[in-house]
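Beneath this line is the structure, given in structure tokens, with notes to follow.
Residue numbers (my numbering): 1077 to 1161.
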């Protein structure tokens, strides 16, 4: 079971969807495996290793498919949505 937090979720000017996920350090490898399997759909990088924050950019042509995949993951996951005040 994944345990992560969606820190931000937005679209860029090109229509790509950009997420920032906060992932517990002990689960980073599993999230990496999942994201690596989406080669061509999305790419990711660690933007803050200390805080375990991943920047994930989903290519606009695959946003719908990624959303469906994310729904499945969320149904099987402990997740919180950060309060972006």
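Beta carbons: idealized from backbone N, C-alpha and C, even for Gly.
*With a 10 Å radius around its C-beta and 16 neighbouring C-beta atoms as the bar for buried, classify residue 1148 as buried or exposed.*
As a working note, residue 1148 is residue 72 in the chain shown. Exposed: under 16 other Cβ atoms inside 10 Å.
_Between the alpha carbons of residue 1083 and residue 1097, how many angstroms are there, rounded?_
Numbered from its first residue, the chain shown carries residue 1083 at position 7. Numbered from its first residue, the chain shown carries residue 1097 at position 21. Looking at the two C-alpha atoms, the distance is approximately 6 Å.
*Can you grab the Cα-Cα spacing for the pair residue 1099 / residue 1151, in whole Å?*
Residue mapping note: residue 1099 aligns to position 23 of the chain shown, counting from 1. Residue mapping note: residue 1151 aligns to position 75 of the chain shown, counting from 1. Between residue 1099 and residue 1151, the alpha-carbon positions lie close to 17 Å from each other.
*Roughly how many angstroms separate the alpha carbons of residue 1142 and residue 1116, rounded to a whole number?*
For the purposes of this step, residue 1142 is identified with residue 66 of the chain shown, where counting begins at 1. For the purposes of this step, residue 1116 is identified with residue 40 of the chain shown, where counting begins at 1. Each residue's alpha carbon lies about 11 Å from the other.
*Going straight from the alpha carbon of residue 1111 to that of residue 1080, what length do you get?*
As a working mapping, residue 1111 is identified with position 35 in the chain shown. As a working mapping, residue 1080 is identified with position 4 in the chain shown. Cα to Cα, the separation comes out at about 14 Å.
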